[in-house]
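Under numbering that gives the first Met the number 0, the sequence shown has 118 at position 119, and the numbering climbs by one with no breaks.
What follows is a set of notes on a single structure, which appears directly below.
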Amino acid sequence: MVWPLNIKDAKAVQEGLRHKVKIFPLSKQPRYIAAADAAFIDDKIIAAVCVYKYQGIEYLEHEIVVRKITFPYIPGYLTFREGPAIVEAIKKLKTIPDVIIFDGQGIAHPKGLGIASHIGVLLDMPTIGCAKSRLTGTFKEPGQRKGQWSRLMCNGKTIGAVLRTRDNVRPVFVSAGHKIDLKTSVDIIVHCTGNYRIPLPQRCADMIAKSVKKDLGKRV
């Protein structure tokens with residue numbers, strides 16, 4: 000898998016991949032759910048992927064990859080910065096997940112290809128974007144109870160959901176990534192959140208990436 004190193008090539012890749020995104024319901028309930036997140040320190044990226052059993056949301060395993068950053072920070076092109084390390088970590092897993100959650104966008108992206116959609120297409124796997132903030136689109140505030148959501152809209156189309164994952168806390172922004180639909184994505188995120196705002200597998204990946212970052216910082 001070759002990753003572009005400049006914005007011109009990245010734009011071409013993004014344009015080519017966005018037409019390959021497929022949105023449809025899962026054929027069956029997932030057995031294993033994973034989540035990926037990343038942290039940065041100096042010129043390095045730390046990617047962490049955690050896998051859980053879907054029933055009972057039980058932790059199974061995680062993988063970590065630390066590698067040099069090869070793409071600059073450019074809004075809208077997050078995948079080219081984080082993707083190489085995250086894909087490497089996913090490929091190291093012993094358990095193949097049925098769905099992967101990403102701390103970022105699916106199709107709720109200015110080009111229709113956020114990190115969840117992008118990596119979903121590359122790996123041909125069902126993926127979901129679960130972001131802490133909105134990248135594009137408009138919405139009305141959802142109800143204050145867990146599980147209530149409103150539509151994230153762009154040009155008259157629904158591109159995601161603004162989902163309340165805990166009573167009276169800030170919502171998250173959920174969008175289908177690839178080979179899944181919005182309703183299933185919302186159901187999975189609600190199922191995985193437990194008592195937290197962020198899904199447990201995603202919280203796991205975030206905490207592990209930050210822990211590795213802290214350890215690396217102590218060695219400097």
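The beta carbon of each residue, even a glycine, is placed where N, CA and C say it ideally should be.
Everything numeric in this text was worked out from a predicted model, so none of it was measured.
1) Below 7 Å CB to CB, which residues in the same chain sit around I40 once its five sequence neighbours on both sides are set aside?
2) Enumerate, from N- to C-terminal direction, the unbroken alpha helix (DSSP H) stretches of 4 or more residues contained entirely within the region 59-103.
3) Give the straight-line distance between the Cα atoms of D36 and G155, rounded to the nearest whole angstrom.
4) Should the region 168-187 be regarded as contacting the region 130-141, the criterion being three or more beta carbon pairs within less than 8 Å?
5) State yes or no: is the C-beta of G193 within less than 8 Å of the C-beta of I56?
6) Quick check on the burial criterion: 16 or more other C-beta atoms within 10 angstroms. Buried or exposed for Y31?
7) Name the two residues that bound the continuous alpha helix (DSSP H) containing A9.
8) Is DSSP giving H117 helix, strand or coil here?
9) Does the separation of the CB atoms of A84 and R66 fall below 8 Å?
10) CB-CB under 6 Å to T183, same chain, minus the five flanking residues each way: which ones, in chain order?
11) When the Cα of H61 is compared with those of H117, P74, K90 and Y72, which residue comes out closest?
12) Measuring straight from C-alpha to C-alpha, what distance separates G232 and D8?
13) CB-CB under 7 Å to V161, same chain, minus the five flanking residues each way: which ones, in chain order?
14) Over what stretch of residues does the beta strand (DSSP E) that includes H177 continue unbroken?
15) Check V168 in the structure and name its three-state DSSP category.
16) Using DSSP with H/G/I as helix, E/B as strand and the rest coil, what is R150?
17) In terms of alpha-carbon separation, which member of E87, R165, I22 and I68 lies closest to A107?
18) In angstroms, rounded to a whole number, what distance separates the CA positions of G103 and G176?
19) For the alpha helix (DSSP H) containing D42, name the first residue and the last one.
20) Helix, strand or coil for L162? Go by DSSP, reduced to three states.
21) State the start and end residues of the unbroken alpha helix (DSSP H) segment that holds T183.
In this structure, then:
1) Taking the sequence shown and counting its residues from 1, one reaches residue 40 at position 41. K212, L215 and G216, listed in sequence order.
2) Fully enclosed alpha helix (DSSP H) runs of no fewer than 4 residues occupy 77-91 of the region 59-103, in order along the chain.
3) Here residue 36 refers to the residue found at position 37 of the sequence shown. Here residue 155 refers to the residue found at position 156 of the sequence shown. Between the C-alpha atoms of D36 and G155 there is a straight-line separation of about 31 Å.
4) They touch, by the three-pair rule.
5) Counted from its first residue, the sequence shown places residue 193 at position 194. Counted from its first residue, the sequence shown places residue 56 at position 57. Their beta carbons are under 8 Å apart, which means G193 touches I56 by this criterion.
6) Along the sequence shown, read from residue 1 onward, the residue named residue 31 stands at position 32. By the neighbour-count rule (16 or more Cβ atoms within 10 Å), Y31 is buried.
7) Here residue 9 is taken as the residue at index 10 of the sequence shown, counted from 1. Note, A9: alpha helix (DSSP H), I6 to R17.
8) Start at 1 with the first residue of the sequence shown, and residue 117 comes out as number 118. Correct three-state label for H117: helix.
9) In the sequence shown, the residue the question calls residue 84 occupies position 85. In the sequence shown, the residue the question calls residue 66 occupies position 67. Yes, the Cβ-Cβ distance between A84 and R66 is below 8 Å.
10) In the sequence shown, the residue the question calls residue 183 occupies position 184. For T183, where only same-chain residues beyond five positions count, the Cβ hits under 6 Å are P24 and L25.
11) Against the sequence shown, residue 61 aligns to sequence position 62. Of the candidates H117, P74, K90 and Y72, the one whose C-alpha sits nearest the C-alpha of H61 is K90.
12) Outside the displayed span of the chain (0 to 219) sits residue 232, for which this structure offers no information.
13) Translated into the one-based positions of the sequence shown, residue 161 becomes position 162. So the list reads F138, P141, W148, S149, L151, P170 and F172, once near-sequence residues are dropped.
14) By 1-based counting over the sequence shown, the position of residue 177 is 178. Judged by DSSP secondary structure, H177 falls within the beta strand (DSSP E) whose first and last residues are V171 to H177.
15) Here the question's residue 168 lines up with position 169 in the sequence shown. Three-state DSSP puts V168 in coil, outside helix and strand.
16) On the sequence shown, residue 150 is found 151 positions in, with the first residue counted as 1. The answer is strand: DSSP assigns R150 an E or B state.
17) For the purposes of this step, residue 107 is identified with residue 108 of the sequence shown, where counting begins at 1. It is I22.
18) Residue mapping note: residue 103 aligns to position 104 of the sequence shown, counting from 1. Residue mapping note: residue 176 aligns to position 177 of the sequence shown, counting from 1. If I take the Cα positions, the gap works out to 10 Å.
19) Position 43 of the sequence shown, counted from the first residue, corresponds to residue 42. Taken as a continuous stretch (DSSP letters only), D42 belongs to no alpha helix (DSSP H), as it is neither H nor E.
20) Position 163 of the sequence shown, counted from the start, is the residue given in the question as residue 162. DSSP places L162 in strand when its eight states are reduced to three.
21) In the sequence shown, residue 183 corresponds to position 184, counting from 1. T183 -> alpha helix (DSSP H) spans L181 to T192.
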